[in-house]
Amino acid sequence: MPSTFHFFQDFIISTFLLFGDPIQPPHHAFIHRLLPPKGKRSADAKGSQRRQKKVLRDNIRGITRGCVRRMARRGGVKRISSEVYEEVRRVLKAYVEDIVRCSTAYTEYARKKTVTACDVVNALRKQGHILYGYA
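Under this note's numbering, the first residue of the sequence shown is numbered 10, with each subsequent residue one higher.
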């Protein structure tokens with residue numbers, strides 16, 4: 010069974026893929042993997058095993074070259090070398106892992122099972138990034 014940290018890390022990266030890029034519409038292929046199926050189960054299926062969730066791996070590949078290019082353009086960059094894309098993915102993954110690790114530490118310390126926005130805001134504050142408007 011995957012740990013809370015890895016599940017939350019995959020969730021954060023998938024959420025970034027869904028809602029992080031303001032230019033492109035959300036990737037609807039990921040929505041079906043994140044949301045549970047709706048409706049009632051049939052009477053003959055009550056004793057059967059529930060459907061397994063698909064484990065998402067290597068979600069960092071969803072940060073495409075175009076996404077990196079748009080973020081760089083927003084920062085004022087005119088031209089980008091080809092080695093930059095992998096480096097940006099590596100740095101983004103390390104940053105998200107650090108925030109997720111810290112926020113899950115806050116959650117586990119409070120003996121909760123759900124990571125709240127307050128936990129993430131506190132983790133960001135510990136890293137030195139103050140975020141207003143959530144808690």
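In this text, a Cβ means the ideal position worked out from N, Cα and C, and glycines have one as well.
Buried or exposed by the 16-neighbour rule on C-beta atoms within 10 Å, applied to residue i
| i | result |
| --- | --- |
| ALA119 | exposed |
| SER112 | buried |
| ILE139 | exposed |
| GLY137 | exposed |
| GLY84 | exposed |
| VAL109 | buried |
| ILE40 | In this prediction, ILE40 scores a pLDDT of 49, lower than 50, which makes its location untrustworthy; no coordinate-derived value is stated. |
| VAL130 | buried |
Contact under 9 Å by Cβ, residue i with residue j
| i | j | result |
| --- | --- | --- |
| ALA126 | TYR143 | yes |
| VAL64 | ARG98 | no |
Rounded Cβ spacing between residue i and residue j (contact assumed at less than 8 Å)
| i | j | result |
| --- | --- | --- |
| ILE89 | ALA81 | 6 Å |
| TYR115 | ASP107 | Their Cβ separation, rounded to whole angstroms, is 13 Å, which puts TYR115 and ASP107 out of contact at 8 Å. |
| TYR94 | ARG74 | 5 Å |
Complete alpha helix (DSSP H) runs within the segment 106-136 (minimum length 4 residues, chain order):
126-136
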